[in-house]
Ligand code: HEM
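Numbering (our numbering), first residue to last: 1 to 431.
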């Protein structure tokens, strides 16, 4: 029980403490077995080499209530089939169109900041959430959801808190009781559903292939036929949620880190000024913005939006001197591994120079895995890199952000790693 309480109160501290016991740490409570596996090769085994020994853990099975059987939560044959049907939406040639949406929406944010005026205070977490929601809405659904962003954001926060509560002991029971929180969660789900079913209905009605994801999902066929409305809803909901919250967090933490590290910020500005000289960035600029990418890589090292991955063992799993029993839960944690002093010198320090090709070559591949790996690797990884770099480039070439005095900075590990008290920052126009 103590374990459960501690895990509930300080998830990240607890995971790091577990890691201090060795590469494989075991914890047992009320007949449930938990393992934290914290060595690059062993992490690779779990995610890639021996992935067949695992299914997704309870956390994601709980998320199924919100996401249905979308890519993130489905298993086995269904997952394989859906992944094949959705994959074309992320092909390289589609990225050109998405990248225009990304840069355009970032420019709109810059214009809005201009209207707010030099020195205005904003909640950067909300700003980034609003922007990435608008991008995913437009790029994948050809829908303007920015107007609804505040409401969707609130519904999403409620829904995430609900999933989080369900993970705690007694959680499933509390969901069945008519508590205000469970009612709010249900209302949140209904609001999110309403938005998505509206988009599906519009597409079905227009019968036009708009080249967006929903049109594609509605038209997708394989030997088993097409997708039902519910399946399209589940995939759309999954991409909607998985596709903006994570990137928004990565960008928010990046703004925070830049505000605390002026030398690195200056170097970023230098690159942006040289390469862009004030114009809107495009997909073709990406290879010429290596430092911008290094800044994002380093931000996702310190604050990985997905901070841990859980898997349930389905067959006896031998690892070093142990055999992990079926039914046990195995965690691998980006947050813990990305701060492991064996691979990261002075690990608390924000240092984008860790991401030169030479420095990277000196580290094992799985000392860093923000997007996971193997058959369940993030389908939006390429999308997220392009989005992160273009948004940061478009905004940081004109604006600097500084923490509002007294703004507390703390981590809130819900499903993703959010800043607990938001991120109030003042905006300052450059040069
Ligand atoms: C910085 C941004 C992002 C991070 C750090 C991130 C991280 C991850 C991670 C770690 C997983 C694996 C979860 C697991 O195996 O339990 C995942 C899966 C997934 N991500 Fe992302 N993600 C990001 C952005 C995106 C974007 C932009 C999209 C879509 C537009 C997206 C869609 C998905 C989907 C659908 C899955 C499930 C894939 C499957 O199981 O087949 N993600 N993501």
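For glycine and all other residues, C-beta sits at the position ideal for the given N, C-alpha and C.
As the structure is a prediction and not an experimental result, all values here were calculated from the model.
In the DSSP assignment, residue 425 is bridged to 122 and 403.
According to the DSSP assignment, residue 329 belongs to the beta strand (DSSP E) that extends over 329 to 332.
DSSP places residue 391 inside the alpha helix (DSSP H), whose first and last residues are 381 to 396. Contact check between the region 385 to 397 and the region 239 to 255: three or more CB pairs, one atom from each, fall below 8 Å, which counts as touching. Following the DSSP letters along the chain, one finds residue 266 in no beta strand (DSSP E) but inside the alpha helix (DSSP H) bounded by residues 262 to 276.
For residue 138, the distance from the CB to the nearest heavy atom of ligand 1 is not below 7 Å.
Fewer than three beta-carbon pairs drawn from the region 80 to 94 and the region 277 to 284 are found closer than 8 Å, and the two stretches are therefore not classed as touching. DSSP places residue 370 in the coil class of the three-state scheme, outside both helix and strand. Taking 8 Å as the cut-off, the beta carbon of residue 424 is found closer than this to the beta carbon of residue 404. In the displayed model, residue 311 falls within a strand according to three-state DSSP. As computed with DSSP, residue 238 is found in no beta bridge at all. Taken through DSSP and simplified to helix, strand or coil, residue 65 comes out as helix. The beta-bridge partner set that DSSP reports for residue 28 consists of 33. The beta carbons of residue 395 and residue 132 sit no closer together than 8 Å.
Beta-bridge analysis with DSSP links residue 21 to no other residue. Inclusion of residue 239 in the 7 Å shell around ligand 1 follows from its C-beta lying nearer than that to a non-hydrogen atom of the ligand. Residue 365 sits away from residue 88, with the two beta carbons spaced by 8 Å or more.
Comparing alpha-carbon positions, the option among 314, 233, 82 and 14 lying closest to residue 65 turns out to be 233. The residues 53, 54, 324, 325, 326, 327, 328, 329 and 330, in chain order, have a CB closer than 8 Å to that of residue 313 in the same chain once the five nearest residues on each side in sequence are set aside.
Spanning the alpha carbons of residue 134 and residue 115 requires a straight line of approximately 19 Å. With contacts defined by Cβ atoms closer than 8 Å, residue 256 and residue 122 do not form a contacting pair. Just so you know, the alpha carbons of residue 75 and residue 82 end up roughly 10 Å apart.
For the pair residue 344 and residue 196, the Cα-to-Cα distance works out to about 42 Å. Taken through DSSP and simplified to helix, strand or coil, residue 325 comes out as coil.
Per DSSP, residue 301 has no beta bridge partner at all.
For residue 376, the shortest C-beta to heavy atom distance toward ligand 1 is below 7 Å. Contact between residue 392 and residue 254 holds: CB atoms are separated by about 6 Å, below the 8 Å threshold. Here the alpha carbon of residue 48 sits roughly 7 Å from the alpha carbon of residue 375. Assignment of residue 420 by DSSP, reduced to helix, strand and coil, places it in the coil class. Bridge partners of residue 411 according to DSSP: 419. The Cβ neighbour count for residue 427, taken over all protein chains shown within 10 Å, is at least 16; the residue is labelled buried. Distances from the CA of residue 290 to each of 106, 353, 85 and 77 were compared; the closest alpha carbon is that of 353. With a cut-off of 7 Å, the C-beta of residue 99 is classified as distant from ligand 1, since no heavy atom of the ligand falls inside that distance. Residue pairing for residue 54: DSSP places it in a beta bridge opposite 313. With a cutoff of 8 Å on beta-carbon distance, residue 369 and residue 334 are scored as near each other. Assigned with DSSP and collapsed to three states, residue 341 falls in coil, not helix or strand.
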